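4 protein chains.
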Amino acid sequence: MVVILENSATKEQIENVIKHLEDYGFQIHKSTGVQRTVIGAIGVQPGFDTRKVKILDGVADVYRVTAPFKQASRSFKEDKTVIKVKDVEIGGDEIVLIAGPCSIESEEQMFKLAEVVSKSGSKILRGGAFKPRTSPYSFQGMGEEGLVIMRDAAEKNNLVTITEVMQIGEIDVIEKYIDIFQVGARNMQNFALLKELGKTQKPVMLKRGLAATIEEWLMSAEYILANGNPNVMLCERGIRTFETYTRNTFDLSAIPIVQKISHLPVIADPSHATGYRDQVPPMARAAVAAGADGLMIEIHHDPENALSDGPQALLPEVYLELINELKLIAKAIHREI
Amino acid sequence: MVVILENSATKEQIENVIKHLEDYGFQIHKSTGVQRTVIGAIGVQPGFDTRKVKILDGVADVYRVTAPFKQASRSFKEDKTVIKVKDVEIGGDEIVLIAGPCSIESEEQMFKLAEVVSKSGSKILRGGAFKPRTSPYSFQGMGEEGLVIMRDAAEKNNLVTITEVMQIGEIDVIEKYIDIFQVGARNMQNFALLKELGKTQKPVMLKRGLAATIEEWLMSAEYILANGNPNVMLCERGIRTFETYTRNTFDLSAIPIVQKISHLPVIADPSHATGYRDQVPPMARAAVAAGADGLMIEIHHDPENALSDGPQALLPEVYLELINELKLIAKAIHREI
Amino acid sequence: MVVILENSATKEQIENVIKHLEDYGFQIHKSTGVQRTVIGAIGVQPGFDTRKVKILDGVADVYRVTAPFKQASRSFKEDKTVIKVKDVEIGGDEIVLIAGPCSIESEEQMFKLAEVVSKSGSKILRGGAFKPRTSPYSFQGMGEEGLVIMRDAAEKNNLVTITEVMQIGEIDVIEKYIDIFQVGARNMQNFALLKELGKTQKPVMLKRGLAATIEEWLMSAEYILANGNPNVMLCERGIRTFETYTRNTFDLSAIPIVQKISHLPVIADPSHATGYRDQVPPMARAAVAAGADGLMIEIHHDPENALSDGPQALLPEVYLELINELKLIAKAIHREI
Amino acid sequence: MVVILENSATKEQIENVIKHLEDYGFQIHKSTGVQRTVIGAIGVQPGFDTRKVKILDGVADVYRVTAPFKQASRSFKEDKTVIKVKDVEIGGDEIVLIAGPCSIESEEQMFKLAEVVSKSGSKILRGGAFKPRTSPYSFQGMGEEGLVIMRDAAEKNNLVTITEVMQIGEIDVIEKYIDIFQVGARNMQNFALLKELGKTQKPVMLKRGLAATIEEWLMSAEYILANGNPNVMLCERGIRTFETYTRNTFDLSAIPIVQKISHLPVIADPSHATGYRDQVPPMARAAVAAGADGLMIEIHHDPENALSDGPQALLPEVYLELINELKLIAKAIHREI
């Protein structure tokens, strides 16, 4: 932590600041310039609230020197994390494709779509059984029955599966049937849930909250990591801004930044980021070009009658066509799909 | 729902749109102008996803006519909701003051502060036992032990109590000791939790999410109301914007707007909105002047050693002084404290 | 400037950083901790781009120690600036009221409204002659003819005047008739205009840009101050956020913050901040309670037929009533209106 | 315009609304459903302020049916605009590359960089002579002397030129030497400047304001178009959001949306969007993948000593390497560079 004193700070104020810092357990380096005194406070305290120092008399500003996340940072682990689920590797050279419907709706639907996913060369099947809906009057998901369907559809097509977990009470049942937990944007800071997922053995995909900074996102990942589960991947799905023509603003610049400061793989979700199917292909292409380690895309064979998010689902044939473009773009940046 | 067709929409496209609307269960009013056709789709379907219509060929735009929330709206219940907890009324002419520490830390601390709260004429005691901390390395709260302390301190001083609930598993223990549930900003769209709170009998204070629109905030209130609990109060605590000098941007204009479109009481929390104690008094005054039905303010007799959020806590004497100013402002707008 | 080196920074990298800092003219204080090296770079260079250092190999982060604005800061001038225009003082104990129509529309209108302003005890008359309209098809203002009308209406009622200047070419004609220049939100970073206004002798009210941080706002004030005009007042008029129920988000917490870091007076404009007349009174009250040095409020005797912004104009009788409430609130915080 | 009446609107209120709409010159279609009345108000009035209707008693909501921009819209001109400057076409199948330094600094610098631009196959040379700097203490540009240098460097290398215009007084001198005017983000709503540029004959590149919605951006384009200049191209350069790890948030999803609703070409500027050179290549690739009609990229042979924005400038060799990747991505979406 670096503490900048006011120009006008008195000797007593400076001594008081130093005393506080020492009481908080820091080692002190004082540096007195012509205009101001700057104090370096050495000692890692990840949860320390810097406002405690900022409000002391004579203090102009306070900066953390170390990032507040630890296990999620590149300085903790220099090599990129590669998560292995069955024969799929997430975070390696190959860009991973996750596809499937928003909600699991029926056996027929899932088997049909799992076949599309498999045929397209994508390796992970998505589908929601417990749905976080803004309205209490909307379809809330099929629950365990849906999970069974998804597991069967995946097994038949040799696919890995991912589904959203919304509360601690669902962890056990999901773990029974599914390979990867997904934490939705609205639960990114549901710390109780994150802690429990840290105690499970299966990988977790953590979506970025609508208004979460990159730092907060990594702090939430830290909750899972610090509780014992090293298999965390991140998922950028659009942030909330003033713009209303788009559903969210897809923050693609977060991808290279997260990859620089963290070793965790980053997936991009152009379906939720844009909300409309005609914007999914250009944004999927852009995400690959920006360096995403994977894409999650919603598809549906009959989007008009989908029980949720039909307007953002691609038809299977559009999805297959998109993959051809993505392959060329991956090649341009020396990766594969 | 009003559907605006493109200038260039063909007869077939218009008929197709009408067919879809009818299939979705709406009654149709078609109105053909010189330039465009406008279709009114009548029939209330609170959870309907308007994007389903927006993506049809020939459609330029779609607008919902009814608000997506129902029981939370003024058109559902014209009279303002007044929530009674013991002898305290929230939402009436009197502006309610809620005060106490961020975290419950010890018996000594809570008894000392409960006495201040009581002496100041404030009626509700706050204190956190289960803490949602951004960092997994920060103090996570005293749990049930803290709740027992708070109940005892409140009883001795004849105060009503409020504490935050972070997960479904905590509902029972909190209900045993405490009068009002608080849902934090990070859990505003933790729908599983909201549903369960809808089934309890005690009032719920629902904080606005950092990036939640007023509409989403009321939709989350709807989850509680629709599950059977009519005693919901809202709490504005600052939203996230581009400005970094302030911790959050305190959205005081939300207060008169929510009061216009909803019957639920609105509390303001200047402590979390600003994050620094010297900004709390001006923003507390502004919130009362803007028409808030109550204030929640953090106080601490020894903020430097508080286990959480000390920098935003007022000293007891500053709190007492502030109340004197608030009383005059309340009088200016024909209310009381 | 404080430069934090990476944990892993090599000796060569650190020396290279020091060499660069010295070449840029800074004096160096190096402080080596257990984990990292921190370099203090002493020497004030207000326009220095800290990114130049941030991109050097081995650098983890860089923080400015001094604010980028100088003459606008409290450390430059400790006493609050009080601007005198004729017999009006802006920035003193008395809260100044500025009122009038959005646009100057006719002699009859301005004389009628100037009388209202005068009768209400307000001291400054506003009115737009050159209008910045989002649409090229909207009314663009009466120009010089309007300025003549406003001057006459003000003189008859002993009022000070303010009007918006949109371009350098309008400065001379406005200076001829009007007492205070207003720079609109959209021109807050029209640096060419700011420079020229720095060379005039009349006070300037600088509105905050829709997406301007407090720091950028003060930097724009610095442009005027640095060019020789010390009479700058700031005006908060709402910022752009994700919320759409309100026209803008009125950032009242900016008021105490600006007053802390700068000596310049701060006016609040609840009319533009909210955009609707029924929200103006609560937000006007809140602004006074938050400590604003003045208010600017739009009034119109016939808002339905106003040529611009009628929906946000108060009727004269509502304005007079509001002033009564404001007087009580001012008294509560030991100020007067 | 579609006007939704309140459930509770009385007959008198409805009639009053209709009377107002007719007075404002609209034709009326009334449609009475079970729950509410909806009024269609027909008649195009681009500058109409819908708030005038929204504040009438009994009105629940008002929606514009036509976009507020006209000449900028696809319904006004279905074919994409292709702007020809000398032998360069902007908006056609070929993606146009604009490159050069942030500021023109010297003859040596410009001739060196113009050669790089030319050799790379890029067709347009950029360089600032009049600089909009946040700080009044920063380098403000070489002025006319710089323009002469840029013209000479461009002529020698057969390049088209672009430079920023900050005020009306600079238009004539820029027009004398340079091919394309650039309007910076901070001047996007400097309507006086836009009007004058509408009267010139040279193309204008209009950057999106930091907090400008897509609609406002197109409205600003409309100012230029409506004043007689059809050669407008847009430039996305990042918007302001809550995220601070990135300098701005590069809103790539704006690209396909603008191309859908407008016929104007869209350029992307990854240099200003990100602010740091290591983020420029991934975002440049993403912009091409998202469908941008061109890129503007800052390059410098000695970024450490650049007089402005050095940290975001690519070295010539990095730029050349990037172009190779961009060519492959362009091919993947059936375009060329």
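Just so you know, the protein sequences line up as chains A, B, C and D, in that order.
Oh and the first sequence: position 119 is 101 in this note's numbering, straight run, nothing missing.
Oh and the second sequence: position 218 is 200 in this note's numbering, straight run, nothing missing.
Oh and the third sequence: position 333 is 315 in this note's numbering, straight run, nothing missing.
Oh and the fourth sequence: position 305 is 287 in this note's numbering, straight run, nothing missing.
We put the CB at the ideal spot given by N, CA and C, even for glycine.
Note that this is a predicted model, so its numbers are computed, not measured.
In the same chain as VAL262(B), and ignoring 5 residues on each side of it, the C-beta atoms closer than 7 Å to its own belong to PRO252, SER253, THR256, ILE279, GLN294, LEU296, in chain order. GLY103(C) sits exposed, since fewer than 16 C-beta atoms from the chains shown fall within 10 Å of its C-beta. Less than 8 Å divides the Cβ of ILE311(B) from the Cβ of ILE311(C). A direct Cα-Cα distance of roughly 24 Å separates ASN140(B) from VAL165(B).
Where ILE0(A) is concerned, the enclosing alpha helix (DSSP H) starts and stops at -7 to 5. As a beta-bridge residue in DSSP terms, CYS217(A) pairs with LYS189(A), ILE249(A). MET265(A) places its beta carbon 8 Å or farther from that of ILE72(A). If you draw a straight line from the Cα of SER85(C) to the Cα of TYR301(A), it comes to about 54 Å. For the stretch 249 to 272 of chain A, the residues whose beta carbon sits under 8 Å from a beta carbon of chain D are, in order, ALA255, THR256, ASP260, GLN261, PRO264, MET265, ARG267, ALA268, ALA269, VAL270, ALA271, ALA272.
Bounds of the beta strand (DSSP E) holding SER13(D) are 9 to 14.
At a cut-off of 8 Å, the C-beta of ALA314(D) has a neighbouring C-beta in chain A. The beta carbon of PHE173(C) lies closer than 7 Å to those of TYR205 in the same chain, with the five residues before and after it left out. Classified as exposed, THR(-8)(C) has fewer than 16 neighbouring CB atoms from the shown chains inside 10 Å of its CB. When Cβ-Cβ separations below 8 Å define contact, ASP233(B) makes contact with chain C.
The shortest CA-to-CA distance from ILE80(A) to any of THR63(A), SER88(A), VAL98(A), VAL64(A) is the one to VAL98(A). Flagged as an interface residue toward chain D: THR223(B), by a C-beta distance shorter than 8 Å. Our two residues, LYS59(C) and SER13(A), have alpha carbons roughly 26 Å apart in a direct line. Non-local beta-carbon contacts of ARG133(D) in its own chain, meaning distances under 8 Å to residues more than five positions away in sequence, involve THR143, TYR159, ILE160 in chain order.
Within the stretch 41 to 57 of chain C, contact with chain A at the beta-carbon level (separation under 7 Å) is assigned to TYR45, VAL47, SER57.
Straight through space, the alpha carbons of ALA111(B) and ILE153(B) are spaced by roughly 12 Å. With a minimum length of 3 residues, the unbroken runs of beta strand (DSSP E) contained wholly in the stretch 47 to 126 of chain A fall at 65 to 67, 70 to 72, 78 to 82, 106 to 108. Excluding five sequence positions before and after ILE24(D), the CB atoms of its chain that fall closer than 7 Å to its own CB belong to PHE8, GLN9, HIS11, given in chain order.
Restricting attention to ILE21(C), MET(-17)(C), GLN53(C), the CA atom closest to the CA of PHE30(C) is found in MET(-17)(C). Take PRO298(B), set aside five residues on each side of it, and the residues of its chain with a beta-carbon closer than 7 Å to its own are VAL98, ILE281, HIS283, in chain order.
Cβ contact annotation for ARG168(A) (same chain, cutoff 6 Å, sequence separation greater than five): PRO114, in chain order.
Note on geometry: alpha-carbon atoms of ALA135(A) and ASP233(D) lie some 37 Å from one another. Here DSSP, grouped into helix, strand and coil, assigns GLN294(D) to helix. Beyond the five residues adjoining it in sequence on each side, LYS177(D) comes within less than 7 Å, by CB distance, of TYR205, ASN209 in the same chain, given in chain order. DSSP, reduced to helix, strand and coil, places PHE163(A) within a strand of the structure shown. Counting along the chain, the unbroken alpha helix (DSSP H) around GLY180(C) starts and ends at 173 to 180. At a cut-off of 8 Å between beta carbons, PRO238(A) contacts chain D. Within its own chain, the residues whose Cβ lies closer than 8 Å to the Cβ of GLU225(C), once the five positions on either side in sequence are excluded, are THR231, listed in chain order. Taking the C-beta atoms as reference points, ILE237(C) is found nearer than 8 Å to GLY273(C). Scanning its chain for C-beta atoms nearer than 6 Å, with the 5 sequence neighbours on each side dropped, one finds around ASN213(D) the residues ILE65, PRO185, in chain order.
For the set GLN171(B), VAL147(B), VAL44(B), ALA271(B), the Cα lying nearest the Cα of MET148(A) is the one of GLN171(B). Per DSSP, LEU234(C) is not a residue of any alpha helix (DSSP H), being assigned neither H nor E.
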